[in-house]
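Chains as they are written, first to last, in UniProt numbering: chain A, 1 to 426; chain B, 1 to 426; chain C, 1 to 426; chain D, 1 to 426. Where a beta carbon is used, it is the ideal one built from N, C-alpha and C, also for glycine.
Number of protein chains: 4
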Amino acid sequence: MSTFGQYYRVTTYGESHCRSVGCIVDGCPPGMELTEEDIQPQMTRRRPGQSNITTPRNEKDKVFIQSGTEFGVTLGTPIGMMVLNEDQRPKDYGNLTMDRFPRPSHADWTYLEKYGVKASSGGGRSSARETIGRVAAGAIAEKYLRLAYGIEIVAFTTSVGNVHLFPPTPEHPSPSTNPAFLSLVNSIDRKTVDSYLPVRCPDTEASQKMVDLISDFRDRHDSIGGTVTCVIRNCPSGLGEPCFDKLEATLAHAMLSIPATKGFEIGSGFGGCEVPGSTHNDPFVSASDVQLPSSVAESGAARSGTPRPRLTTKTNYSGGIQGGISNGAPIYFRVGFKPAATIGQEQQTATYDGSEEGILAAKGRHDPCVVPRAIPIVEAMAALVIMDAVLAQQARHTAKSLLPPLKQTVNSGKPTGNGVTETEKV
Amino acid sequence: MSTFGQYYRVTTYGESHCRSVGCIVDGCPPGMELTEEDIQPQMTRRRPGQSNITTPRNEKDKVFIQSGTEFGVTLGTPIGMMVLNEDQRPKDYGNLTMDRFPRPSHADWTYLEKYGVKASSGGGRSSARETIGRVAAGAIAEKYLRLAYGIEIVAFTTSVGNVHLFPPTPEHPSPSTNPAFLSLVNSIDRKTVDSYLPVRCPDTEASQKMVDLISDFRDRHDSIGGTVTCVIRNCPSGLGEPCFDKLEATLAHAMLSIPATKGFEIGSGFGGCEVPGSTHNDPFVSASDVQLPSSVAESGAARSGTPRPRLTTKTNYSGGIQGGISNGAPIYFRVGFKPAATIGQEQQTATYDGSEEGILAAKGRHDPCVVPRAIPIVEAMAALVIMDAVLAQQARHTAKSLLPPLKQTVNSGKPTGNGVTETEKV
Amino acid sequence: MSTFGQYYRVTTYGESHCRSVGCIVDGCPPGMELTEEDIQPQMTRRRPGQSNITTPRNEKDKVFIQSGTEFGVTLGTPIGMMVLNEDQRPKDYGNLTMDRFPRPSHADWTYLEKYGVKASSGGGRSSARETIGRVAAGAIAEKYLRLAYGIEIVAFTTSVGNVHLFPPTPEHPSPSTNPAFLSLVNSIDRKTVDSYLPVRCPDTEASQKMVDLISDFRDRHDSIGGTVTCVIRNCPSGLGEPCFDKLEATLAHAMLSIPATKGFEIGSGFGGCEVPGSTHNDPFVSASDVQLPSSVAESGAARSGTPRPRLTTKTNYSGGIQGGISNGAPIYFRVGFKPAATIGQEQQTATYDGSEEGILAAKGRHDPCVVPRAIPIVEAMAALVIMDAVLAQQARHTAKSLLPPLKQTVNSGKPTGNGVTETEKV
Amino acid sequence: MSTFGQYYRVTTYGESHCRSVGCIVDGCPPGMELTEEDIQPQMTRRRPGQSNITTPRNEKDKVFIQSGTEFGVTLGTPIGMMVLNEDQRPKDYGNLTMDRFPRPSHADWTYLEKYGVKASSGGGRSSARETIGRVAAGAIAEKYLRLAYGIEIVAFTTSVGNVHLFPPTPEHPSPSTNPAFLSLVNSIDRKTVDSYLPVRCPDTEASQKMVDLISDFRDRHDSIGGTVTCVIRNCPSGLGEPCFDKLEATLAHAMLSIPATKGFEIGSGFGGCEVPGSTHNDPFVSASDVQLPSSVAESGAARSGTPRPRLTTKTNYSGGIQGGISNGAPIYFRVGFKPAATIGQEQQTATYDGSEEGILAAKGRHDPCVVPRAIPIVEAMAALVIMDAVLAQQARHTAKSLLPPLKQTVNSGKPTGNGVTETEKV
């Protein structure tokens, strides 16, 4: 399906060679100031050729709001958005090699198997241009989340090939135990990330190694993958809709829907599976000493007197999510991207009908590593997930607030028990 | 939400201490033979205490079909299923420690933050008993998939703590490149997996090491995590609904919705991000030599003359999915499980209201490693995803089949091009 | 589909001859007191044989809550509910007439056409027993709506055959113009309705005529239809989700999903199509003089300071909905029920395969008019619609409330225009 | 919500004064020939000023396909469609009367109550321009339904004010019993309907009376409502998804979502509620003598050997739907439209804040009767409903077809019973 979300519903359209690409956002709260200027920056960050950007007024991939706002304010009605395609002519079906041979590990063949019709661009909708609608919709969600809660979403490159910003070590099988990682997660912002263009890895040394590695792959007409880490700060507690729409489940869904992704891990991730429970459990401590960032202190939630969580955790192996529900700590996760399928080297393949083997090679320049450009896409999808979860939880909380108060259900007096609790049923 | 799937919709209910747990399956095809005997085996595999099972007639977690079948045949109407809870009494809200202190890294605190009401079992619906409905619904889906396509779904333990069945090596950063792994994926069945109880890791040496490791953690009143690998064989090509419901995205969603999961990787996974594209791309080859397993040859699809894919791939880094769509090769993925939060050791925590710090420890026996019992749950969720994707693709294919034929859109004659294709727009 | 609603999601299961019928309610606000005693009264009102009810402790159709509550309070998790079927044995497929001949205008034939499998009860899921889950779910919604807003939902019989409570006249083509109707709509309650058992038409004379007419049809082994009018009072303004889920659209959907319904009209309805616009338009007047009923004054919304609408309408041809959105006035609508298909008279039909014509007649007692028993079902479906709309609007309102305030967008000073407005584009 | 349908999902956007209006169609079958020429005719029929149309090349409301097709063939990917708005400038918020006074029975006030933001066009999204996206999406669905099944959908005006094409009589309380009506329903086509412009009522005498009545209302600066009847011919049996998505329920939902609608009745409708069951039940007869129209005989379903129903009904009070499922007979229903709220007469109203009463009148020309222009909108919404139902049923049927055959479940031999069947449980 081309719709994402239950409350903040994004429906996208468009492939490489049609008139335009875009989306409809249904469910955006009314009364929010919104113009194209709120959306364009992420569109521009998504564009190819980031390393050469010299002006923010780049006219390419320019987004136009079609509906849903008036005088720069959202009406609560569907927001249509569109970006024109520059090359709208689909290639003619000539008797070309690419029409006969599917590109290895690309979507050409599976799209034909699925739809029974071959677009001139092969897997037309598998094109990275499809992500334009996502980024536009994500930018709107981000604005709301920032205004309402002071939420900040920042993604950055954590590996290219085998060059890692935080390589796993015996001491730190997961970066969750690495103080340098946790410190970065608590403070990194987009401006800093973009100061490390072209790879967007916020470390001078690692960044340089990654640039060298990518250059090497480019020279060999090959490609290489990598990973992106994303942090969501200042998220309210209570987000996520068990049992099927746990917050990590919808984040995983969102991330694996991005082209070329191969993996997702939340918090301690796969490394955390090797850490003893006695270490991995995050002890609760009082949140009374927590200093609120100004973005939170000035947010709508703060203005409206929404109470702050009274607990926080000493460590954060959980990655800000427990039982599928956010606990208020920074949510962080990692996404793996495979090496781009389109490479300049000759590759073995066979005709669509299997009758003949052959060789295929991409001509022209192509991107040896998609990771740096994936950053704003990861941020956008994270914003869509959190926006949807926020609206769901707001709905529940408001519904509950209109009910008569209950007798107290959680004790807070002196304990009389022995500090021992029963194992629950399974 | 408690509903999973668009076409084969599963809605579950129930927590630890209520009358029953169960689900409603809406969208099951009519006319399939179905009784409780088709469902009970996976229910039994899911139960605790697997290592002590001596009789298949174990009466615990017995499932009862409530509706949707008659004379052992599905009617196409919703199938209600129920498993009674043995201990239906919620614990009284006494002034006990557990009522005042949330368990670290458990769902106690986030459930209260989310719902504002505290169930006696803490995060009541985060209980593993919630998965009963999933396993029941998955067993029905599996039966359909087997009858209609000969699909086989098998999960097994691939690591406990740092004991790996296929440890990553410089030569094989991802098991996808390891012939022993690929051979296992092509042949493993559930009977073999269960012959390696209690850990369900199909290798004598690794299995023994895992047993020892778990025993060690049990003795120290600690817990440890691990990973499960699952393979889906004989899947038709064309499954998966881009752009948001790519097959790996819905698999990731399904897997991360299982309690205690921390990560998901499809095919080559995170390891594959370090492999050059020239290696990672899976060359297409003719499928004409592929030998059909008998389960496929005797399936409904074969009987009805559904054509087989004409291509297959020489390698399978893609894990059976390209562009978000299945390509007919085995789909395999890995899921990470964290160490269980409930441990016998004393742990630091604070009261719900943050006013006081304290110590909490679980009494009684508890499971030091949830991985072996997660096997049937992973299989069930995989079945739900594939079932939904199969119904969606069948619908599309049938809809298309009623349209007038088009002029040929894919050439199959001699190539006239130079084997070079343009890079597509991004 | 067997699921209704987006926010308050009800999934039902069960047919006549299975173990049980019931439903899962997902999305019920947490923290509401709820036991079976809140649900049973509507279940009992739905039961057949209303005229003979002598005790409220009737044990038939007894509902059991399976999950989602603890100590009589909702947890916010799915609420499973179940009513056991007394006769669980499906009839054996003998060579009986009913197995060969579909009943005219019943669901026997279309169910077989749709599912390709014939349940022993013919259109098994078309049985009125299917409505049990709806009524149970509706009772929970009603309780919330009453507590949170003081909403009252009352349905009553307005016609049986050609006996009308408010027959259309040249003066009053629609009852909307009839003061007696509007007065009734403003005040009728369930207790009054039930004092007019067995037909539930709150007028002594009309009621008696209806009883006589039904008796007449019963004696002739025939059946007759009728209409039910339902009013929803104290609804907040702003409910309904254009453009597709306008409030009247979801009400129409809900009502036409009830077995045996043939029509739906909102407000002035079909009669209103014959009234000039100059009459039909409802003039706005200040709501400052409106007296709040105590149920509203004591509701959660009042307690939380939710502002009351500042306008109301002098007349109510609109039936409480304008532009698909509630305006705070009483919502009223009418639902038409056809004569029951099952009658004792002999009827012409043909075998399922069309090979032979034949005669079919129902044996035993059957209901000559379903209208009186439909009353609680109409109320339940109305409650489901309003509940869903309330949660959607609460979500929007809360989301908006966290945004920074806008400059004023509606003027309220002295008019300077000439009282003339442009026709809008179409 | 702005999305309609589960399988063929239409999402619309746009209001009166934004850049464009349009929609995204997700789920259109791939491989269908489709260009703007398939869509434009219904767009043009929807436009205002039908009586003055002299050329089919009218350039207004011109639709542009944005995506989802290539070389005039659908790809199976989302189809974006757009119609530019000519007047994109929202009116400035001056201190005008219309900014202060809501129009009676228009959506101005309820939109402000709902969204808390006032669009310059009042109830911006309640504008009839919103229906453009529906009509475009409906035209695509219609094409598929015609090619695949020979389905024909035709709507026509059946009343304006109290001028009825088939006025109810004691003999014919519902037109369903009127042979002239049934004959019309069996044969009417769009060309004939449009030959009765401007009112689209296919009867010379009634048409003239309607024209006179509308002229009269126009002269008095007033408005009047009416009804539209729509027939869907050649529908396959088995459509409709009980229990909540019965075919009449989704049709009712669709129709009541059209602006200005007040009522819906299927088949015999409200009139049928006054007909005895013994008359109302439609006797089954063999369908072997039914002559297939050429559109059906040449359809994809016929080509693919889809079996035809073996039964039909002698009468059609049911309106082609029984138990919520189509039975293959013509589906017909009636929709009521209220008099347009915007009239030239002065009308009483009050300021938004209730502080002041006032008088409002629309300037300029306005439409005294919306019924004739509603015809293509009714047809479009009917097409969306049937398309969704067709895809759902195709999915089920195909899923079932891959299962092993069951033992026969319906007898077809000689009857041995006594022609008497038990009343089912309720």
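- Assuming residue 240/A contacts residue 325/A (C-beta within less than 8 Å), just tell me the rounded distance between them. Indexing the first sequence from 1 puts residue 240/A at position 240. Indexing the first sequence from 1 puts residue 325/A at position 325. By a beta-carbon distance limit of 8 Å, residue 240/A contacts residue 325/A. Their separation comes to about 4 Å.
- Item | For residue 220/A, the nearest candidate out of 209/B, 279/B, 166/B and 174/B (CA to CA) | Mapped onto the first sequence, residue 220/A falls at position 220. The candidate whose alpha carbon is nearest that of residue 220/A is 279/B.
- Query: How would you write the range of the alpha helix (DSSP H) that residue 44/C sits in, first residue to last?
  - Reply: The sequence position of residue 44/C within the third sequence is 44, counting from 1. Where residue 44/C is concerned, the enclosing alpha helix (DSSP H) stretches over 36 to 46.
- Message: Bridge partners for residue 245/D per DSSP, in chain order?
- Response: Residue numbering aside, residue 245/D sits at position 245 when the fourth sequence is read from its first letter. Beta-bridge pairing links residue 245/D to 241/D.
- Verify the CB distance criterion: does residue 13/C have a CB-CB separation below 8 Å to chain A? As a working mapping, residue 13/C is identified with position 13 in the third sequence. So no, residue 13/C is outside the interface.
- Message: If contacts are defined as beta-carbon pairs under 8 Å, then residue 376/A and residue 275/A qualify, I think. What distance do you get, rounded to the angstrom?
- Response: Mapped onto the first sequence, residue 376/A falls at position 376. Mapped onto the first sequence, residue 275/A falls at position 275. That pair is no contact at about 32 Å.
- Task: Check the Cβ-Cβ distances between residue 3/A and every residue of chain D, and say whether any is below 8 Å.
- Result: Locating residue 3/A in the first sequence gives position 3, counting from the first residue. Yes, residue 3/A lies at the interface with chain D (some Cβ there is under 8 Å from its Cβ).
- Query: Are there 16 or more other CB atoms within 10 angstroms of the CB of residue 316/A, so buried, or fewer, so exposed?
  - Reply: Here residue 316/A refers to the residue found at position 316 of the first sequence. With 16 or more other Cβ atoms within 10 Å, it is buried.
- Item | Neighbour flag for residue 350/C against chain A, beta carbons, 8 Å | Start at 1 with the first residue of the third sequence, and residue 350/C comes out as number 350. So, not an interface residue.
- Name the residue from 15/C, 222/C, 158/C and 151/C whose alpha carbon lies nearest to the alpha carbon of residue 202/C. Sequence index remark: in the third sequence, residue 202/C carries index 202 (1-based). Relative to residue 202/C, the option among 15/C, 222/C, 158/C and 151/C whose CA is nearest is 158/C.
- Enumerate in chain order the residues of its own chain whose CB-to-CB distance from residue 351/C is below 7 Å, with the five nearest sequence positions on each side excluded. Indexing the third sequence from 1 puts residue 351/C at position 351. The answer, listed in chain order, is 100, 101 and 358.
- Task: Tell me, please, which residues DSSP counts as bridged to residue 70/A.
- Result: Mapped onto the first sequence, residue 70/A falls at position 70. Partner(s): 73/A.
- Item | Straight-line Cα distance separating residue 371/B from residue 126/C | Within the third sequence, numbered from 1, the residue matching residue 126/C stands at position 126. Within the second sequence, numbered from 1, the residue matching residue 371/B stands at position 371. One C-alpha to the other measures close to 44 Å.
- Below-8 Å beta-carbon distance, residue 35/C vs any chain A residue: For the purposes of this step, residue 35/C is taken as residue 35 along the third sequence, with counting starting at 1. No, residue 35/C lies away from the interface with chain A (no Cβ there is under 8 Å from its Cβ).
- Quick one: what's residue 80/B bridged to in DSSP? Numbered from 1 along the second sequence, position 80 holds the residue referred to as residue 80/B. Partner(s): 24/B.
- Message: So, for residue 380/D: in the same chain, excluding its five sequence neighbours on each side, which residues have a beta-carbon less than 6 Å away from its beta-carbon?
- Response: Here residue 380/D refers to the residue found at position 380 of the fourth sequence. Only 134, 135 and 138 meet the Cβ criterion.
- Item | chain B contacts made by the region 287 to 310 of chain D, where a contact means CB separation under 7 Å | If the cut-off is 7 Å between Cβ atoms, the region 287 to 310 of chain D has 300, 301 and 304 near chain B.
- By the 10 Å Cβ neighbour count, where 16 or more other Cβ atoms means buried, how is residue 167/B classified, buried or exposed? Taking the second sequence and counting its residues from 1, the one referred to as residue 167/B is at position 167. Residue 167/B is exposed by the Cβ-count criterion.
- Going by DSSP, what residues sit across from residue 164/A in a beta bridge? One-based indexing of the first sequence puts residue 164/A at position 164. DSSP output for residue 164/A lists 159/A as bridge partner(s).
- Query: Under three-state DSSP, which class holds residue 101/C?
  - Reply: Working through the third sequence from its first residue, we reach residue 101/C at position 101. It is coil, neither helix nor strand.
- Message: Determine, for residue 114/B, whether the minimum Cβ-Cβ distance to residues of chain A falls below 8 Å.
- Response: Here residue 114/B is taken as the residue at index 114 of the second sequence, counted from 1. Closer than 8 Å to some Cβ of chain A, the Cβ of residue 114/B qualifies, so yes.
- Message: Is there a Cβ of chain A sitting closer than 8 Å to that of residue 64/D, yes or no?
- Response: Numbered from its first residue, the fourth sequence carries residue 64/D at position 64. Yes, because at least one Cβ of chain A sits closer than 8 Å to the Cβ of residue 64/D.
- Item | the region 208 to 235 of chain A: positions lying closer than 9 Å to chain B by Cβ | 217, 220, 221, 222, 223, 224, 225, 226 and 227
- Flag this pair as yes or no: are the beta carbons of residue 259/C and residue 128/C separated by less than 8 Å? In the third sequence, counting from the first residue as 1, residue 259/C sits at position 259. In the third sequence, counting from the first residue as 1, residue 128/C sits at position 128. Yes.
- State buried or exposed for residue 318/B, treating a residue as buried only when at least 16 other CB atoms are found within 10 Å of its CB. Your numbering for residue 318/B matches position 318 in the second sequence. Flag for residue 318/B reads buried.
- Item | In DSSP terms, what residue 229/D is bridged to | Within the fourth sequence, the letter at position 229 stands for residue 229/D. DSSP output for residue 229/D lists 156/D and 334/D as bridge partner(s).
- For residue 77/C, go through chain B and note every residue whose CB falls closer than 7 Å to its CB, in chain order. Walking along the third sequence from the start, residue 77/C turns up at place 77. Neighbours of residue 77/C on chain B, chain order: 15, 124 and 125.
- Task: Would you grab the beta carbon distance between residue 281/C and residue 374/D for me? Rounded to a whole angstrom, and I think it's under 8 Å.
- Result: Stepping through the third sequence from its first residue, residue 281/C is reached at position 281. Stepping through the fourth sequence from its first residue, residue 374/D is reached at position 374. Not really, about 19 Å apart at Cβ, beyond 8 Å.
- Query: Leaving out five residues before and five after residue 194/B in sequence, what residues of the same chain have Cβ atoms less than 8 Å from its Cβ?
  - Reply: The residue you call residue 194/B lines up with position 194 of the second sequence. Excluding its 5 nearest sequence neighbours in each direction, residue 194/B has C-beta neighbours in its own chain below 8 Å: 45 and 200, listed in chain order.
- Item | Nearest candidate by alpha-carbon position, reference residue 37/A, set 366/A, 73/A and 8/A | As a working mapping, residue 37/A is identified with position 37 in the first sequence. Per the Cα distances, 73/A.
- Message: Looking at chain C, is there any beta carbon in it that lies within less than 8 Å of the beta carbon of residue 353/B?
- Response: Stepping through the second sequence from its first residue, residue 353/B is reached at position 353. It does not; no Cβ of chain C falls within 8 Å.
- Message: By alpha-carbon positions, which one of 229/A, 366/A and 13/A ends up nearest to residue 190/A?
- Response: Position 190 of the first sequence, counted from the start, is the residue given in the question as residue 190/A. Looking only at 229/A, 366/A and 13/A, the smallest Cα-Cα distance to residue 190/A is reached by 229/A.
- Query: chain C beta carbons: is any one of them nearer than 8 Å to that of residue 250/D?
  - Reply: Taking the first residue of the fourth sequence as position 1, residue 250/D is located at position 250. Closer than 8 Å: yes.
- Task: Under the assumption that residue 277/D contacts residue 110/C (Cβ atoms under 8 Å), give the Cβ distance between them as a whole number of angstroms.
- Result: Against the fourth sequence, residue 277/D aligns to sequence position 277. Against the third sequence, residue 110/C aligns to sequence position 110. So it is not a contact: roughly 18 Å between Cβ atoms.
- Message: Can you tell me where the beta strand (DSSP E) holding residue 265/C begins and where it ends?
- Response: On the third sequence, residue 265/C is found 265 positions in, with the first residue counted as 1. Here the beta strand (DSSP E) through residue 265/C covers 261 to 266.
- Can you find a C-beta in chain A that's less than 8 Å from the C-beta of residue 132/B? Taking the first residue of the second sequence as 1, we reach residue 132/B at position 132. So no, residue 132/B is outside the interface.
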